[in-house]
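Q: Residue numbers (my numbering), protein chains in the order written: chain A, 1 to 113; chain B, 114 to 224.
#1: Can you find a C-beta in chain B that's less than 9 Å from the C-beta of residue 101 of chain A?
#2: Can you give the Cα-Cα distance for residue 41 of chain A and residue 200 of chain B, rounded to whole angstroms?
#3: Can you confirm whether the stretch 176-189 of chain B touches the stretch 131-141 of chain B when touching is taken to mean that 3 or more C-beta pairs between the two stretches lie within less than 8 Å?
#4: Please state whether the Cβ-Cβ distance between residue 153 of chain B and residue 204 of chain B is less than 9 Å.
#5: Using CA coordinates, which residue listed in B/192, B/214 and B/162 is at the minimum distance from residue 224 of chain B?
#6: Is the CB of residue 43 of chain A under 9 Å away from at least one CB in chain B?
#7: Express the C-alpha separation of residue 82 of chain A and residue 159 of chain B in angstroms, rounding to a whole number.
#8: With a cut-off of 8 Å on the beta carbons, I'd call residue 18 of chain A and residue 112 of chain A a contact; round off their distance for me.
#9: Based on DSSP bridge pairs, tell me the residues matched to residue 57 of chain A.
#10: Can you confirm whether residue 63 of chain A, when its beta carbon is compared against all beta carbons of chain B, has any partner nearer than 9 Å?
#11: Using 9 Å as the limit for Cβ to Cβ distance, is residue 169 of chain B near chain A?
#12: So for residue 196 of chain B, helix, strand or coil by DSSP?
#13: If you pair each beta-carbon of the stretch 15-33 of chain A with each one of the stretch 87-94 of chain A, do three or more pairs fall below 8 Å?
#14: When the Cα atoms are used, what is the spatial distance from residue 75 of chain A to residue 65 of chain A?
#15: Once you ignore the five residues that flank residue 167 of chain B on each side, which residues in its own chain have a CB closer than 8 Å to its CB?
#16: Which residues in the same chain have their Cβ closer than 7 Å to the Cβ of residue 5 of chain A, if we skip the five residues on either side of it in sequence?
#17: Which residues of chain A have a Cβ atom closer than 9 Å to the Cβ of residue 201 of chain B, listed in chain order?
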């Protein structure tokens, strides 16, 4: 089955710890994205990548880091510098010729206490 | 000011009726528009996209775009309880090569 997988579904961490969220896709999409969603709110873009070994900051990149070493994978690290890391994190991907037609993975719900 | 605006709802609709959702956007450079459905606790699912002025129909869903008025809408005909969800409007094609999302409209379809 083609699709986007994110793991884990739920993640709990103590304040001050870095944590890495996984995102893998087998859709052969060039572009991948990370969004954050807070309760009752829309999606905010953290980082995106349109090609391997290249990525750009979105609207709320502070306290996050990413890598894009393979086309299929776009992991997100939430660092201890992120002041309010508890949120629902969504990974998405899109094809090169339809960048705005984005498809989402199931999400990871991160809770930091 | 949010670039994509939606009424947060809830929009309460009797089963079998038409649900009408509205979305406005501020950036005239936006070229493509998307509607996502998001069930509680789940990720968004793309249900419609529209690029040209006018209507686009897909099953029970109709998307309408008016670029002059910077207005996008989604109609859900013969609403079912399974349509109860939050509907996110998104605009793409403006500066920055990214999708901008509205806050979503919560729809409740009552049997």
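From the three backbone atoms N, C-alpha and C, an ideal C-beta is built for every residue, glycine too.
A: On the basis of the supplied data:
#1: As a working mapping, residue 101 of chain A is identified with position 101 in the first chain. By this cut-off, residue 101 of chain A is an interface position.
#2: Walking along the first chain from the start, residue 41 of chain A turns up at place 41. Walking along the second chain from the start, residue 200 of chain B turns up at place 87. Spanning the alpha carbons of residue 41 of chain A and residue 200 of chain B requires a straight line of approximately 11 Å.
#3: yes
#4: Along the second chain, one-based indexing puts residue 153 of chain B at 40. Along the second chain, one-based indexing puts residue 204 of chain B at 91. One thing to note: residue 153 of chain B has its Cβ no nearer than 9 Å to the Cβ of residue 204 of chain B.
#5: Locating residue 224 of chain B in the second chain gives position 111, counting from the first residue. Cα-wise, what sits closest to residue 224 of chain B is B/192.
#6: Taking the first chain and counting its residues from 1, the one referred to as residue 43 of chain A is at position 43. Yes, residue 43 of chain A lies at the interface with chain B (some Cβ there is under 9 Å from its Cβ).
#7: Here the question's residue 159 of chain B lines up with position 46 in the second chain. Here the question's residue 82 of chain A lines up with position 82 in the first chain. Their Cα atoms are separated by approximately 29 Å.
#8: Here the question's residue 18 of chain A lines up with position 18 in the first chain. Here the question's residue 112 of chain A lines up with position 112 in the first chain. Contact between residue 18 of chain A and residue 112 of chain A fails: their C-beta atoms lie close to 11 Å from each other, not under 8 Å.
#9: Within the first chain, residue 57 of chain A is the residue found at index 57, counting from 1. DSSP output for residue 57 of chain A lists A/47 as bridge partner(s).
#10: Working through the first chain from its first residue, we reach residue 63 of chain A at position 63. It does not; no Cβ of chain B falls within 9 Å.
#11: Residue numbering aside, residue 169 of chain B sits at position 56 when the second chain is read from its first letter. Interface flag for residue 169 of chain B against chain A is unset, since no Cβ pair is found closer than 9 Å.
#12: Taking the first residue of the second chain as 1, we reach residue 196 of chain B at position 83. Here residue 196 of chain B sits in helix by DSSP.
#13: yes
#14: As a position in the first chain, residue 75 of chain A is number 75, starting the count at 1. As a position in the first chain, residue 65 of chain A is number 65, starting the count at 1. Looking at the two C-alpha atoms, the distance is approximately 9 Å.
#15: For the purposes of this step, residue 167 of chain B is identified with residue 54 of the second chain, where counting begins at 1. Once the five neighbours on either side are set aside, the close Cβ partners of residue 167 of chain B are 177 and 178.
#16: Along the first chain, one-based indexing puts residue 5 of chain A at 5. Here the set comprises 24 and 105.
#17: Position 88 of the second chain, counted from the first residue, corresponds to residue 201 of chain B. Within chain A, the residues near residue 201 of chain B are 42 and 43.
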